[in-house]
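Residue numbers (my numbering): 161 to 423.
One structure is given below, encoded as structure tokens.
Put into structure tokens, the structure is as follows:
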């Protein structure tokens, strides 16, 4: 029986997944702190992780669980027709020398803030963050709407809008707002990307797509499923993706080892 292992933070997402897991007959545990009880290691091949990046990384190491995610250079190497903008992978030191506005974010860990910087001089100095941090630098674009999709074995199992013009897509009652024509457009784009074998993906991943003003639909980024917010997605479907995204070492098929990142 699968075991959903959550952190001690009671978020709307973790609560939604907790309820869905119980409905499926899963066991659910919350870990207070980062020290995994010794007796849990015997069940590690059944454990499915979800939570904050640091929590998941520390717990996965103790349980000998492989975490699957895309490498730092995945987005820059994506075919340009799916990016619709210039994206480069450089070091933070190089990013500090930029003289033009750019959207700049750490490629791996959430260290410095992802934001539009007028120049690289606005980035935090080496006193606070190491020069060698892999950094993604993107052309500044205007996203009209953004969708999050959960992908299992290259199949879109659930997707939902989450931002419009940078604002959360919720109504006054806190319900996620959907628009059928845009949903259909997003679905068509998701399916087009997933059908293209040039787009390499791990078996379980989150893919964010959106519509760029005056350019059209594009991939925003890909994120590890075990640490991504679910927004308006179906938590029952998300659970299956989580199972694909964190796998006990020794049970991971050889072809998926390329997606294991050491944290």
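Where is the CB? At the ideal position from N, CA and C, for every residue including glycine.
Looking at residue i: is its Cβ nearer than 8 Å to the Cβ of residue j?
i, j, result
"residue 319", "residue 350", "yes"
"residue 321", "residue 342", "yes"
"residue 165", "residue 191", "yes"
"residue 208", "residue 261", "no"
"residue 434", "residue 364", "In the structure as shown, the chain starts at 161 and stops at 423, and residue 434 therefore has no counterpart that could be examined."
"residue 303", "residue 370", "yes"
"residue 239", "residue 324", "no"
"residue 205", "residue 411", "yes"
Considering residue i, what are the terminal residues of the beta strand (DSSP E) in which it resides?
i, result
"residue 304", "303-312"
"residue 408", "406-408"
"residue 262", "262-266"
"residue 207", "207-210"
"residue 152", "In this structure the chain extends from 161 to 423, so residue 152 is not present and cannot be described."
"residue 293", "Taken as a continuous stretch (DSSP letters only), residue 293 belongs to no beta strand (DSSP E), as it is neither H nor E."
"residue 371", "364-372"
"residue 166", "163-167"
For residue i, which of helix, strand or coil comes out of DSSP?
i, result
"residue 348", "helix"
"residue 285", "coil"
"residue 315", "strand"
"residue 279", "coil"
"residue 179", "helix"
"residue 174", "helix"
"residue 321", "strand"
"residue 226", "strand"
Kindly indicate the opening and closing residues of the alpha helix (DSSP H) around residue i.
i, result
"residue 377", "Residue 377 -> not in any alpha helix (DSSP H); beta strand (DSSP E) instead, spanning 376-383."
"residue 215", "213-223"
"residue 242", "240-243"
"residue 253", "252-255"
Taking residue i and residue j to be in contact with their CB atoms under 8 Å, please state how far apart those CB atoms are, rounded to whole angstroms.
i, j, result
"residue 216", "residue 227", "7 Å"
"residue 407", "residue 264", "The Cβ separation is near 32 Å, so there is no contact."
"residue 405", "residue 385", "4 Å"
"residue 184", "residue 399", "7 Å"
"residue 220", "residue 396", "Contact doesn't hold; Cβ gap of about 23 Å is too wide."
Could you confirm whether any beta carbon from chain B is found closer than 8 Å to the beta carbon of residue i?
i, result
"residue 290", "Any reference to chain B falls outside this structure, which holds one protein chain only."
Q. Is the stretch 371-386 close to the stretch 188-203, with three or more CB pairs under 8 Å?
A. Verdict: no, contact absent.
- Task: Specify whether the stretch 285-297 and the stretch 234-253 touch according to this definition: at least 3 beta carbon pairs, one from each stretch, less than 8 Å apart.
- Result: They touch, by the three-pair rule.
Quick one: any contact between the stretch 387-400 and the stretch 250-268, if contact means 3 or more CB pairs under 8 Å?
Because the criterion of three Cβ pairs below 8 Å is not met, the stretch 387-400 and the stretch 250-268 do not touch.
Any contact of the stretch 305-313 with the stretch 285-294, i.e. 3+ C-beta pairs under 8 Å? Contact between the stretch 305-313 and the stretch 285-294 is absent, because fewer than three Cβ pairs lie under 8 Å.
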